[in-house]
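**Student:**
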DNA sequence: ATGGTCGTCCCACGA
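Residue numbers (our numbering): 1 to 266.
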């Protein structure tokens with residue numbers, strides 16, 4: 001089965017692009033981020049018409065995540081466990097049916113975290129929230145890894161793993177996506193025993209998933225790779241391909257992110 | 001050196 005992740009930057013502003021890509025790529029599962037609507041505002045009929053079951057964790061104006069699946073969905077977890085006071089809709093997890101057993105999938109919109117420092121040079125609440133959210137993700141990933149089942153944590157991590165994953169490392173020094181504390185948390189998550197699919201099967205430099213709307217980032221290929229699929233051993237062992245649908249960035253009114261698709265013998 | 005782009009929703013804020 002193919003499992004995709006895509007930050008669509010508003011499901012309603014992007015409906016034309018989302019339906020076109022789903023019709024063309026036909027992923028079995030699509031994890032969407034930044035849907036930017038409450039559940040009631042999600043264009044459910046249009047997505048269901050393409051053969052998808054849908055679960056949504058929406059929020060007014062900001063954030064919001066969803067999972068679309070051609071196979072039945074069950075056992076849905078709304079929100080990242082670990083902080084009942086967190087009101088930002090950035091995590092939804094569900095179990096979908098594979099060809100020979102179930103697969104646990106999460107759609108993740110990890111906080112951006114910028115700006116990192118305030119005018120006094122202290123870490124901002126935004127950056128501290130990002131780091132704390134990453135700790136919570138690590139704790140929750142550790143808990144669900146104990147199931148020893150196929151698991152794919154897919155999403156916009158707002159983490160540039162290495163220098164080769166951005167057009168100009170110097171331009172990203174100090175950014176919340178590329179700081180030492182962010183990288184330490186990223187490694188801690190991977191060190192639970194998760195495999196990052198792109199690094200596993202491709203790993204080439206200069207392969208990006210995001211190009212800013214500003215400063216001619218797309219025509220000048222000034223991109224970064226921040227959208228990732230992390231897999232449990234039971235999923236990583238079945239990983240057969242990984243691709244980035246870069247052409248989507250050239251469409252009419254595109255998202256600033258493009259889909260990343262993992263193929264699994266699951 | 002500076003500003004530049006989107007989406008939400010109408011005013012800045014978030015990215």
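We put the CB at the ideal spot given by N, CA and C, even for glycine.
Give me the residue from 37, 206, 147 with the minimum Cα distance to residue 169.
**Tutor:** 206
**Student:** So what's residue 230 in DSSP terms, helix, strand or just coil?
**Tutor:** strand
**Student:** How many angstroms separate the CA atom of residue 171 from the CA atom of residue 177?
**Tutor:** 12 angstroms
**Student:** Just to confirm before moving on: does the CB-CB distance between residue 46 and residue 19 stay below 8 angstroms?
**Tutor:** With respect to residue 19, residue 46 sits close: the two C-beta atoms are nearer than 8 angstroms.
**Student:** Touching or not, the region 203-222 and the region 178-189, by the rule of three or more beta carbon pairs under 8 angstroms?
**Tutor:** no
**Student:** Look up residue 183 in the DSSP assignment and say whether it is helix, strand or coil.
**Tutor:** Residue 183 falls in the helix class under three-state DSSP.
**Student:** If you scan the region 59-100 from start to end, which runs of the beta strand (DSSP E) of 3 or more residues do you find wholly inside it?
**Tutor:** Listed in chain order, the beta strand (DSSP E) elements of length 3 or more contained wholly in the region 59-100 are 65-69, 73-78, 91-98.
**Student:** Can you give me the Cβ contacts of residue 244 inside the same chain, cut-off strictly under 7 angstroms, excluding the 5 residues immediately before and after it?
**Tutor:** 207, 209, 258, 260
**Student:** Is residue 97 near residue 76, with beta carbons less than 8 angstroms apart?
**Tutor:** no
**Student:** Taking just the CA atoms, how far does residue 135 sit from residue 7?
**Tutor:** Each residue's CA atom was taken as its position, placing residue 7 and residue 135 some 22 angstroms apart.
**Student:** Considering only C-alpha positions, which residue in the set 242, 122, 17, 147 is nearest to residue 232?
**Tutor:** 147
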